[in-house]
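Take the sequence shown: its letters are residues 1 to 150, numbered as in UniProt numbering. Notes follow once the structure below has been shown.
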Amino acid sequence: MAEPAEPRRADEEEVGCSGMRRFELELEFLHCLANPGYLNWLAQNRYFEDEAFLEYLKYLLYWRQPQYARFIVYPHALYFLDLLQTPEFRAKIANPAYKEMVHTQQFFFWQYARANRIKEKVAEDVAAAGAAAAGGQQAIAVKQEPLLPG
């Protein structure tokens, strides 16, 4: 079975700007996708009903590759880009109440993200220290055994 072809990338003449400028514009648009209010606006203005726009969103998935993702300042943009691939999310985000719920959850994520990362790091360090201590006790127990039988 043949591998799916990568989406065709228009050249500079078709787009009307240089490769670097295009990179900047696509990155800026991708960052906009981190804003639930903007997603709601796109849905209410029926952008998600346009097949060409949906193809563009699919094309933007290349930003998930590490060589591109390192330029992303708002990582939620990638999360929302993935969600926008599903018709269910595109339909739900048109609802202002759903948009507010998503925005609130996003806020709570960022509010507690640092504290949660610190808790996870501390838990990992405690587990590693416990494993090291258990390994050290076994080593001590081996040393305490008599060398000669009997």
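Quick reminder that beta carbons are idealized off the backbone N, C-alpha and C, glycines included. From a predicted model like this one, the values you see are computed outputs, not experimental measurements.
- request: Taking R90 as the reference, give the member of D50, A132, S18 and A134 with the closest Cα.
  value: Mapped onto the sequence shown, residue 90 falls at position 90. Looking at the Cα atoms, D50 is the closest of the given residues.
- prompt: Would you call the CB atoms of L30 and A97 closer than 8 Å?
  reply: Taking the first residue of the sequence shown as position 1, residue 30 is located at position 30. Taking the first residue of the sequence shown as position 1, residue 97 is located at position 97. Contact flag unset, no.
- request: Could you work out which residue in Y79, Q65, L84 and D125 is closest to Y47 when comparing CA atoms only?
  value: Within the sequence shown, the letter at position 47 stands for residue 47. Per the Cα distances, L84.
- request: Check each candidate in Y56, V122, Q44 and N116 and name the one with the smallest Cα separation from L81.
  value: Translated into positions along the sequence shown, residue 81 becomes position 81. With distances taken between Cα atoms, L81 lies closest to Y56.
query: Using CA coordinates, which residue listed in A52, L27, L54 and Q44 is at the minimum distance from F71?
result: Your numbering for residue 71 matches position 71 in the sequence shown. The residue with the shortest Cα to Cα distance from F71 is L27.
message: Measuring straight from C-alpha to C-alpha, what distance separates residue 159 and A94?
response: The structure shown does not extend to residue 159, since the chain spans only 1 to 150, so no value can be given for it.
query: Per DSSP, what kind of secondary structure is D82 in: helix, strand or coil?
result: On the sequence shown, position 82 is the one that residue 82 refers to. Three-state result, D82: helix.
task: Check whether the segment 99-113 touches the segment 34-46, taking contact to mean three or more Cβ pairs, one atom from each stretch, closer than 8 Å.
output: yes
query: Ordered along the chain, which non-local residues of its own chain (more than five positions away) have a Cβ less than 6 Å from that of A128?
result: For the purposes of this step, residue 128 is taken as the residue at position 128 of the sequence shown. Closer than 6 Å at the Cβ level, and outside the excluded window around A128, lies no residue.
- prompt: With burial defined as no fewer than 16 other Cβ atoms inside 10 Å of the residue's Cβ, what is the status of A123: buried or exposed?
  reply: On the sequence shown, residue 123 is found 123 positions in, with the first residue counted as 1. It is exposed - the Cβ of A123 has fewer than 16 other Cβ atoms within 10 Å.
message: Please report the distance separating the alpha-carbon of A134 from that of D125.
response: The residue given as residue 134 occupies position 134 in the sequence shown. The residue given as residue 125 occupies position 125 in the sequence shown. Rounded to the nearest angstrom, the two C-alpha atoms are 14 Å apart.
- prompt: With 16 other CB atoms within 10 Å as the buried threshold, where does P75 fall?
  reply: Within the sequence shown, numbered from 1, the residue matching residue 75 stands at position 75. Exposed, because fewer than 16 other Cβ atoms sit within 10 Å of the Cβ of P75.
task: Could you spell out where the alpha helix (DSSP H) holding F70 opens and where it closes?
output: Residue numbering aside, residue 70 sits at position 70 when the sequence shown is read from its first letter. Residue identity differs from the one stated: residue 70 is Arg in this sequence, not Phe. No alpha helix (DSSP H) contains R70, which DSSP labels as neither H nor E.
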